[in-house]
Amino acid sequence: MKTSQLAPSMMCVDFAEMTDVLRCFEAQGIEYLHVDIMDGEFVSNFTLGTDFCKYLRSHTSIPLDLHLMINRPDNKLSWFGIREGEFVSVHWESTPHIQRTLAMIRDLGGKPMLALNPATPIEVLDYVLDDIDGVLLMTVNPGFAGQKMVPCMPEKIRNTRAYLDSHSREDVRIEVDGNVSFIHAGEMRAAGADIFVGGTSSIFAKGTPIAENIAKLRAAVR
Ligand code: DX5
Ligand code: ZN
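The structure is reproduced here in structure tokens:
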């Protein structure tokens with residue numbers, strides 16, 4: 545099993561405390577910063593954007609994990625200034641040209657991930673297996689923090705891991721996003737997930753300091 549890694553969801557940070565939170569993430573050895581980009585069309589919400597990505601890159605060396613919940617990402621990838629080593633997820637449902645979009649991310653120096661909504665079957669991976677470094681499984685329908693996990697998602701994680709392994713892609717990462725709570729995280733880990741997006745149900749859970757929540761999430765996915 546791959547080493548587990550944490551990616552806090554940056555849309556959940558209290559912006560007034562951004563620099564303190566970044567120092568805390570560095571001290572805790574956080575592996576990626578999960579940045580949700582929403583365009584009000586692919587999902588019914590607007591969140592972070594290109595300037596925020598620039599801000600993060602100039603204030604920390606933790607690599608970004610860009611999650612593009614936008615229509616036609618193929619036309620917009622160049623706006624993001626993708627850096628070597630950053631993950632970039634695009635949704636299978638967001639463009640008719642998904643293979644080209646994944647290949648573009650690789651050309652720009654990023655690590656391409658294919659993001660799948662809860663109801664999107666894993667067979668859409670069939671002809672893009674050479675084009676991806678990871679699969680981002682949405683465990684809620686994308687758009688908002690604070691939702692409940694779709695109950696059959698642990699089964700989908702298990703099936704995705706088995707599918708990738710049976711296609712000789714043991715190296716492909718599985719990231720999970722949405723209601724990765726302290727309880728669900730353990731179940732997701734057992735099913736084969738290895739990158740965990742921490743939002744309001746874990747890293748930003750109210751009432752406990754972020755550092756304590758990180759330690760608790762790490763223990764759950766060890
Ligand atoms: C959207 C986001 C949310 C969220 C995750 O893609 O990444 O899913 O912030 O955290 P929860 O569901 O715990 O609020
Ligand atoms: Zn996300």
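Be aware that the sequence shown starts at 545, since it is given in this note's numbering, and climbs by one per residue. Beta carbons: idealized from backbone N, C-alpha and C, even for Gly. If you're wondering where the values come from, they're calculated on a predicted model, not measured in any experiment.
Mind checking whether residue i and residue j have CB atoms under 8 Å apart?
| i | j | result |
| --- | --- | --- |
| VAL741 | VAL716 | no |
| ASP580 | THR591 | yes |
| CYS556 | PHE748 | yes |
| LEU550 | GLU570 | no |
| MET697 | LEU708 | no |
| GLU719 | ILE701 | no |
| ILE666 | THR704 | yes |
| VAL724 | GLY751 | no |
| ARG567 | ARG601 | no |
| ALA729 | SER746 | yes |
| ALA647 | ASP675 | yes |
| SER553 | GLY687 | no |
Under the three-state reduction of DSSP, which class applies to residue i: helix, strand or coil?
| i | result |
| --- | --- |
| VAL634 | strand |
| GLN572 | coil |
| SER553 | strand |
| LEU652 | coil |
| VAL672 | coil |
| ALA659 | strand |
Among the candidates the options, whose CA atom is the shortest distance from the CA of residue i?
| i | options | result |
| --- | --- | --- |
| SER622 | HIS578, GLY593, ASP721 | GLY593 |
| PHE726 | GLU699, ALA759, HIS578, GLN572 | ALA759 |
| PRO640 | MET648, ASN615, LYS620, LEU652 | ASN615 |
Task: alpha helix (DSSP H) runs wholly inside the stretch 704-766, at least 4 long, in chain order - done: 726-735, 754-765
- [ ] Any chance you could list the alpha helix (DSSP H) runs of at least 4 consecutive residues sitting entirely within the stretch 558-615, in chain order?
- [x] 562-571, 594-603
Open item on the list: For the structure I just gave you, are there three or more beta carbon pairs, one from the stretch 620-635 and one from the stretch 658-678, closer than 8 Å?
Closed with: The answer is yes - the stretch 658-678 touches the stretch 620-635, with three or more Cβ pairs under 8 Å.
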